[in-house]
Each structure stands twice: as C-alpha cells, then as structure tokens.
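K.L.:
Mind having a look at this structure? Questions to follow.
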C-alpha cells in the first residue's frame, strides 16, 4: 500500500489544471470559500495553513514552490499520479503490471536527471517490469520534450487522454504550421498564408493547447456538412 503525506501541495501545470481544479472546486464548495476562480500559477494544497482557499499564490514558477517549502517544511510536493491516488480523482485503486523493453528503459535512464534516475531505480525492474502507475509518475517528472514521447510509448497508461490527439511533439519542432508556406503558395493563397493552419499553442488553456488547430484570421472559415463528409471552407475577407 502506498503512503502519502498528510500535508501536500501540487503545482498547477497546463496538463493537470483541469483535473486539479475539479477537485479544488469541490473543496472550496464544501468549505464555503465562495470563490471559483483558480489562477494558473499557484500551488493547490491539501489544506491551507490558515484559510479555506486550498491554494497558495506568490511569485510565479520555481519561486513560489521554493518560498512555500521553506516557510512550511511539513508540506511535501506530490506528482499528478500521487494526487490521483490521494483524491481518488480517477477512481483507480489498483496499479497494473506492465512490461517495457530493456532498450526503452535504458533510453529513459540515459536521458534522466538525477531525481529521475532515482525514480527509475525504485519503480522499474532491470528487465523492464513496472506498472502503469510508475509510467504516469515518470511522465509527471519529465520535461516538455519527453512528456509526449512517454505518452506515445505507453498510450494504454493514459486512458484519460485517449480521446485527444497530442500535437506537442510537432509543435516543439519550432514550426507549428500544419500547412507549409510552399504548399499555401501552390494553392494560390496570398502572402498572409504564413499561419494558414497551425497547431494551437496556448498554455493558458489546457483544453486547446497542443490539442487543436489555429485557423488564420486573414480568412473567413466555414465548417459545413457535404453529404457524409465534414468540410472546412476558407473564404476571402472582402474589404
């Protein structure tokens, strides 16, 4: 059985915001806090040291985590997977045993930071035996480059994301255009075709960030049904 800290905090990220906020809203409703807006750059807490807000705000990024941990050393940071276990937010009580290849395990280990190496040593056997829970924990610790790789390698470990496509690997290449300039020009589009269709990059909205497409505002767009087909029609903006 896993043991978890009584007092904990979890930093909000673009990935976990909606899930953690859903839990947070239930807590503030029960406590009568009376607010429903949760900033994106805070720590969500098991309990606030002196009010019913269940979050801690301050300088953004690493500073808020450092400041809070120094001021309240009895609180421990948890991963998203630990959060799910504690809050039972995904209604999962048992982890599933899985097997990954030794080559893939070596690839993870070679790219890992020191804390990640320690995690791999603790949760992964040398022959690649591990659990879906451990894979999700590794994903929580990974950087933005490795998160999509881990999900791609182990899609069955992330059932909550199964209905979405993850375009982050494409967007991280540095060019988020789905339709290249050359293709746009060959289609007869004008000089404003740079951003004709792009992967949406908006870390403030996890629902659309790296999961959707941005359509250039230089055109009007119509989504229509053509018999059994759904079509997207770009039209010229007339001055």
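In the numbering used here, the protein residues as written are 112 to 350.
For glycine and all other residues, C-beta sits at the position ideal for the given N, C-alpha and C.
If you're wondering where the values come from, they're calculated on a predicted model, not measured in any experiment.
1) Are residue 250 and residue 262 close, meaning C-beta to C-beta below 8 Å?
2) So, for residue 198: in the same chain, excluding its five sequence neighbours on each side, which residues have a beta-carbon less than 7 Å away from its beta-carbon?
3) To the nearest angstrom, how far is the alpha carbon of residue 203 from that of residue 194?
4) Could you name each continuous alpha helix (DSSP H) segment of 4 residues or more that falls completely within the stretch 184-244, going from the start of the chain to the end?
5) Which residue's Cα is closest to the Cα of residue 185: 119, 169, 233, 174?
6) From residue 153 to residue 320, what distance separates their C-alpha atoms?
7) Exposed or buried, which one is residue 248 when buried takes at least 16 other CB atoms within 10 Å?
8) How close, in whole Å, do the beta carbons of residue 307 and residue 290 come, if the pair is a contact with beta carbons under 8 Å?
9) Starting from residue 282, trace the alpha helix (DSSP H) both ways and give me its first and last residue.
10) Short of 6 Å in beta carbon distance, which residues of its chain neighbour residue 246, apart from the five on each side in sequence? Order them along the chain.
11) If you reduce the DSSP assignment to three classes, tell me which class residue 324 lands in.
12) Going by the CB atoms, is the gap between residue 146 and residue 155 shorter than 8 Å?
13) Where does residue 334 fall in DSSP's three states?
14) Which partner residues does residue 119 have in the DSSP bridge list?
15) Return the CA-CA distance between residue 392 and residue 212, expressed in angstroms with no decimal places.
16) What's the C-alpha gap between residue 179 and residue 238?
P.N.:
If we stick to the structure as given:
1) yes
2) 134
3) Per-residue confidence for residue 203 stands at a pLDDT of 47, beneath the threshold of 50, marking its modelled position as unreliable; the derived number appears in the next sentence. Using only the alpha carbons, I get a separation of about 12 Å.
4) 191-198, 213-222, 225-234
5) 119
6) 19 Å
7) buried
8) 5 Å
9) 279-282
10) 265, 268
11) strand
12) no
13) strand
14) 187
15) Absent from the structure is residue 392, since the part of the chain shown begins at 112 and ends at 350.
16) 39 Å
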